[in-house]
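Enquirer: Anchor point for the sequence shown: position 184 equals 607 in my numbering, and the numbering is continuous, going up by one each time. Right, I'll just put the structure down here and ask away after.
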Amino acid sequence: RIWLVDQVKSCSKLHSQVIFVESICNDPAIIKENIEETNRFSPEYIGIPFEEATEDIKKRVSHYTKCYEPLSENEGFPFVKLINGHRQLITNLMSGYIPGKILMLLMNQHCRPRTIFMSRHGESEYNNQGRIGGNSCLTPAGRLYASKLFEFVKRIFPPDSSELVVWTSTMVRTGETVKAMEDHFDVIKWKALDEINAGDMEGLTYEFVAENMSEQYQARKEDKLNYRYPGRGESYRDVFIRLEPVMFEMLRCRTPLLIVGHQAILRVLYGYLKRHTPQECPTLPMPLHTVIELTPHAYYCDEALHYPLEMVE
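See below:
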């Protein structure tokens, strides 16, 4: 550890601070779960028989236990200790904005499997007209999807007896999509989940923008991640920052979660869970009238697609 800190300090181009994160687990039940999870999902054990892989993992744990020297405050390094899967958290010399963000992230994560469902709102009038943003109502097709989405959710989570939590934005089209759920599930509306602000382009079509605002159209096409809509609009990078508290709460949540949101918003949340780069997020497919089911694991995230409009009664 001393060598590592010295290496970072010796590199004049790195304006960095070394923070150590130590995870200690002595709970037999958690250790058993971790071994099984590693055995099933780690790329290192693909194709290796279960018993053989389990024995190898146990040998590694035994070796690390004998060799590893736990962090001590006497070393003088900033560190975070996680004990038995976030049951206890110990910090030392942690201060500053970025260390605080790292600490908040570690405090909100857990390894318990849970399911996160994502769906865009039903088709809106502006969707049907090919217009950008806005706050329009649902079309008849959108209202039909809202009804079918409620039926889909009820099949999986019995109303009034389920732990399912529904998150949505404060906009009209998402509110109409979840309206039938409000009497049966815990529906929470987040301002942070509102669609990306298109500024002066709200309500315009992309055809109009291409013809009358060609420079803006080309700038967005060339760098969709950093492009900020004119007129106090937002960029995808702005949305990343706005969604940070939502992401922390999503990581902390231990119950099933349904997020009924908007295209740009769900691209960012989906991209985070599926480990896409920021550059990939603005172009991720996020179709209407589709439910994405995600189950995060230690090494990857399970995904399944559902189409409520195709459900058989």
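Glycine residues also receive a C-beta, built at the ideal position from the N, C-alpha and C atoms. Please read all numbers here as calculations on a predicted model, not as lab measurements.
Rounded to whole angstroms, what's the CA-CA distance from residue 469 to residue 697? Just pull it up for me.
Expert: Whole-angstrom Cα-Cα distance: 20 Å.
Enquirer: Residue 445 lies in the beta strand (DSSP E); which residues open and close that run?
Expert: Run containing residue 445: 443-447, per the beta strand (DSSP E) assignment.
Enquirer: Are the Cβ atoms of residue 642 and residue 650 separated by less than 8 Å?
Expert: Yes.
Enquirer: Can you tell me whether residue 528 is buried or exposed, with buried defined as 16 or more other CB within 10 angstroms of its CB?
Expert: Residue 528 is exposed by the Cβ-count criterion.
Enquirer: Quick check on the burial criterion: 16 or more other C-beta atoms within 10 angstroms. Buried or exposed for residue 539?
Expert: Buried is the call here.
Enquirer: DSSP three-state call for residue 729: helix, strand or coil?
Expert: Three-state result, residue 729: strand.
Enquirer: Using a Cβ distance threshold of 8 Å, determine whether the region 690-710 contacts the region 559-566, with at least three qualifying pairs required.
Expert: Verdict: no, contact absent.
Enquirer: Any chance you could list the alpha helix (DSSP H) runs of at least 4 consecutive residues sitting entirely within the region 586-673, in chain order?
Expert: As far as the region 586-673 is concerned, its whole alpha helix (DSSP H) runs of at least 4 residues are 595-601, 629-635, 637-645, 659-665.
Enquirer: Under the assumption that residue 576 contacts residue 610 (Cβ atoms under 8 Å), give the Cβ distance between them as a whole number of angstroms.
Expert: The pair is not a contact, with the Cβ atoms about 11 Å apart (cut-off 8 Å).
Enquirer: For residue 571 and residue 731, I'd like the C-alpha separation in whole angstroms.
Expert: Each residue's Cα considered, the two are about 5 Å apart.
Enquirer: Does residue 461 come out as helix, strand or coil in the three-state DSSP assignment?
Expert: Residue state, collapsed to three classes: helix.
Enquirer: So what does DSSP say about residue 686, is it helix, strand or coil?
Expert: Helix.
Enquirer: Span of the alpha helix (DSSP H) holding residue 580?
Expert: Segment: none, residue 580 is in no alpha helix (DSSP H) and carries neither H nor E.
Enquirer: Since residue 500 is in the alpha helix (DSSP H), which residue starts that stretch and which ends it?
Expert: Taken as a continuous stretch (DSSP letters only), residue 500 belongs to no alpha helix (DSSP H), as it is neither H nor E.
Enquirer: Use the C-beta contact count for residue 658: other C-beta atoms within 10 angstroms, 16 or more gives buried, fewer gives exposed.
Expert: With 16 or more Cβ atoms within 10 Å of its Cβ, residue 658 is classed as buried.
Enquirer: Please give the ranges of any beta strand (DSSP E) in the region 695-730, keeping only runs that are unbroken, at least 3 residues long and fully inside the region.
Expert: Within the region 695-730, the complete beta strand (DSSP E) runs of at least 3 residues are 714-719, 724-729.
Enquirer: Across the region 598-605 and the region 623-631, are there enough close Cβ pairs to call them in contact, namely three or more that are closer than 8 Å?
Expert: With a cut-off of 8 Å, the region 623-631 and the region 598-605 do not count as touching, because too few Cβ pairs lie within range.
Enquirer: Is it right to say residue 545 is buried, meaning 16 or more other beta carbons lie within 10 angstroms of its own, or is it exposed?
Expert: That one is buried.
Enquirer: Which of the three DSSP states, helix, strand or coil, is assigned to residue 488?
Expert: In this structure, residue 488 counts as helix in the three-state DSSP scheme.
Enquirer: Excluding sequence positions up to five away, which residues of its chain have a Cβ less than 7 Å from the Cβ of residue 531?
Expert: Taken in chain order, the residues that qualify are 671, 674, 675.
Enquirer: Give a yes or no on whether the C-beta atoms belonging to residue 594 and residue 558 are separated by under 8 Å.
Expert: Yes, they are a contact pair.
Enquirer: Indicate the three-state DSSP secondary structure (helix, strand or coil) for residue 561 in the structure shown.
Expert: DSSP places residue 561 in strand when its eight states are reduced to three.
Enquirer: Report yes if the C-beta distance between residue 445 and residue 502 is below 8 Å; otherwise report no.
Expert: Yes; because the gap between Cβ atoms is below 8 Å, this pair is in contact.
Enquirer: Considering only the alpha carbon of each residue, which of 720, 715, 484 lies closest to residue 726?
Expert: Of the candidates 720, 715, 484, the one whose C-alpha sits nearest the C-alpha of residue 726 is 715.
Enquirer: Is the beta carbon of residue 677 less than 8 Å from the beta carbon of residue 510?
Expert: No, these two residues do not count as a Cβ contact at 8 Å.
Enquirer: Among all the DSSP beta bridges, which residues are the ones paired with residue 540?
Expert: Residue 540 is bridged to 681, 716.
Enquirer: Any chance the region 682-693 sits against the region 506-522, with 3 or more Cβ pairs inside 8 Å?
Expert: Segments in contact, no.
Enquirer: Roughly how many whole angstroms lie between the Cα atoms of residue 712 and residue 476?
Expert: Answer to the nearest angstrom: the Cα atoms are 42 Å apart.
Enquirer: List the endpoints of the continuous beta strand (DSSP E) containing residue 511.
Expert: Per DSSP, residue 511 belongs to the beta strand (DSSP E) from 511-515.
Enquirer: Which residues mark the beginning and the end of the alpha helix (DSSP H) in which residue 524 is found?
Expert: Looking at the DSSP string, the run of the alpha helix (DSSP H) that includes residue 524 is 520-531.
Enquirer: With a 10 Å radius around its C-beta and 16 neighbouring C-beta atoms as the bar for buried, classify residue 694 as buried or exposed.
Expert: That one is buried.
Enquirer: Can you give me the C-alpha to C-alpha distance between residue 524 and residue 569, rounded to a whole angstrom?
Expert: The alpha-carbon atoms of residue 524 and residue 569 are separated by roughly 37 Å.
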